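Heads up: the structure comes next, in C-alpha cells.
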Amino acid sequence: MDNKDNLSCKIEKLRNEISKKINENLDNITIDDIIDKSNELNNLIVEYYRETNKNH
Numbered sequence: 018m019d020n021k022d023n024l025s026c027k028i029e030k031l032r033n034e035i036s037k038k039i040n041e042n043l044d045n046i047t048i049d050d051i052i053d054k055s056n057e058l059n060n061l062i063v064e065y066y067r068e069t070n071k072n073h
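Going by my numbering, the sequence shown opens with residue 18, and the numbers climb by one from there.
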C-alpha cells in the first residue's frame, strides 16, 4: 500500500470516528473536541493532496 492509499484510509477512518462520536455523544461533545478532530482531518487531507500532486 502506498502512502496515498494509507492516507486515504486514515482520512476515511477519522471521518467515521468523528461521525460516530457526534452521533453517540451529541449531548456531551464540546466544540473543542470537534475542532481538534476537524484540524486532524484537515491535516490528513492536506498531506493526501501533497502526496497526490507530488509527481505533477
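Ideal Cβ placement from N, Cα and C applies to all residues, glycine included.
None of these values were measured; they are calculated from a predicted model.
Residue environment analysis places leucine 43 among the exposed positions, since fewer than 16 neighbouring C-beta atoms fall within 10 angstroms of its C-beta. Rounded to the nearest angstrom, the Cβ distance from leucine 24 to glutamate 68 is 6 Å, consistent with a contact under 8 Å. DSSP places aspartate 44 outside both helix and strand once states are collapsed to three, so it counts as coil.
Taken through DSSP and simplified to helix, strand or coil, aspartate 19 comes out as coil.
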